[in-house]
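Throughout the sequence shown, residue numbering follows the working numbering, covering 1 to 153 in sequence.
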Amino acid sequence: SKRLKNLQICRPFVYGNMAVPLKEDRSPDIPADHTHSWTVFLKGVNGDDLSSFVKRVVFKLHETYPNSSRSIEEPPFEVTETGWGEFEISVRVYFVPEASEKNVVMYHHLKLHPYGPEAEQQKSEGATVTSMQYDEFVFNEPTEALFEILTKK
Ligand code: SLL
Numbered sequence: 001s002k003r004l005k006n007l008q009i010c011r012p013f014v015y016g017n018m019a020v021p022l023k024e025d026r027s028p029d030i031p032a033d034h035t036h037s038w039t040v041f042l043k044g045v046n047g048d049d050l051s052s053f054v055k056r057v058v059f060k061l062h063e064t065y066p067n068s069s070r071s072i073e074e075p076p077f078e079v080t081e082t083g084w085g086e087f088e089i090s091v092r093v094y095f096v097p098e099a100s101e102k103n104v105v106m107y108h109h110l111k112l113h114p115y116g117p118e119a120e121q122q123k124s125e126g127a128t129v130t131s132m133q134y135d136e137f138v139f140n141e142p143t144e145a146l147f148e149i150l151t152k153k
């Protein structure tokens, strides 16, 4: 559809991961060398639902994972796994066809271990580690269809 000149619409989001150390009562299905459970995610801010304009999110994990490219087609856009190591995850976002927007990619370094000044204490408490970043989708001269999707209540 037609594009709206001189207009820009932004939508904020956060992406990143949470991780917790596996406990003694771990499931027997989890490989013995795995130390953490983690979730990598992309979501709206303040509970905003991104799925009106996000069609799918592809999380590309380390090749040590089976089917390392994980395509999530509906919210929550997230992948939960267990493992032992930190690595970079690419987070590729595809928009609905009405948007006529190219996909965008962000890179997130999966964090498993506490870091910073509180690290030692957090480690001893088995605390949840969170590493996330705020960003925003910027749509320049959006299609009319995307504009309607983003502005309807
Ligand atoms: C490292 N360069 O050496 C990184 C690689 C890979 C982590 C980390 C595999 C889990 C599985 C897993 O945790 N890979 O499928 O067994 O730290």
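C-beta atoms are modelled at their ideal positions from N, C-alpha and C, and glycine is treated no differently. Since the model is a prediction, treat every value here as computed from it, not as a measurement.
Cβ of F87 within 8 Å of Cβ of R70?
-> As a working note, residue 87 is residue 87 in the sequence shown. As a working note, residue 70 is residue 70 in the sequence shown. Against a cut-off of 8 Å, the Cβ pair of R70 and F87 comes out as no contact.
Could you tell me the distance, in whole angstroms, from the CA atom of E98 to the CA atom of I30?
-> As a working note, residue 98 is residue 98 in the sequence shown. As a working note, residue 30 is residue 30 in the sequence shown. Near 42 Å, if we compare the C-alpha coordinates of I30 and E98.
Distance cut-off 7 Å: F59 Cβ against heavy atoms of the ligand SLL = Against the sequence shown, residue 59 aligns to sequence position 59. F59 Cβ: outside cutoff for every heavy atom of the ligand SLL.
Please indicate yes or no: does the CB of H155 lie closer than 7 Å to some heavy atom of the ligand SLL?
-> There is simply no residue 155 to check, as the chain begins at 1 and stops at 153 in what is shown.
Are the Cβ atoms of K153 and N17 separated by less than 8 Å?
-> Working through the sequence shown from its first residue, we reach residue 153 at position 153. Working through the sequence shown from its first residue, we reach residue 17 at position 17. Cβ distance not < 8 Å, so K153 and N17 don't count as in contact.
Helix or strand or just coil, what does DSSP make of A127?
-> Residue mapping note: residue 127 aligns to position 127 of the sequence shown, counting from 1. In this structure, A127 counts as coil in the three-state DSSP scheme.
At a cut-off of 7 Å, is H34 close to the ligand SLL when judged by its beta-carbon and the heavy atoms of the ligand?
-> Position 34 of the sequence shown, counting from 1, holds the residue named residue 34. Yes.
Any idea what DSSP makes of A96, helix, strand or coil?
-> Numbered from 1 along the sequence shown, position 96 holds the residue referred to as residue 96. The sequence given here has Val at residue 96, not Ala. Looking at V96 - three-state DSSP - the assignment turns out to be coil, as it is neither helix nor strand.
Count the other CB atoms within 10 Å of the CB of G116; is the residue buried (16 or more) or exposed (fewer)?
-> Looking up residue 116 in the sequence shown gives position 116. Exposed, by the Cβ-count rule.
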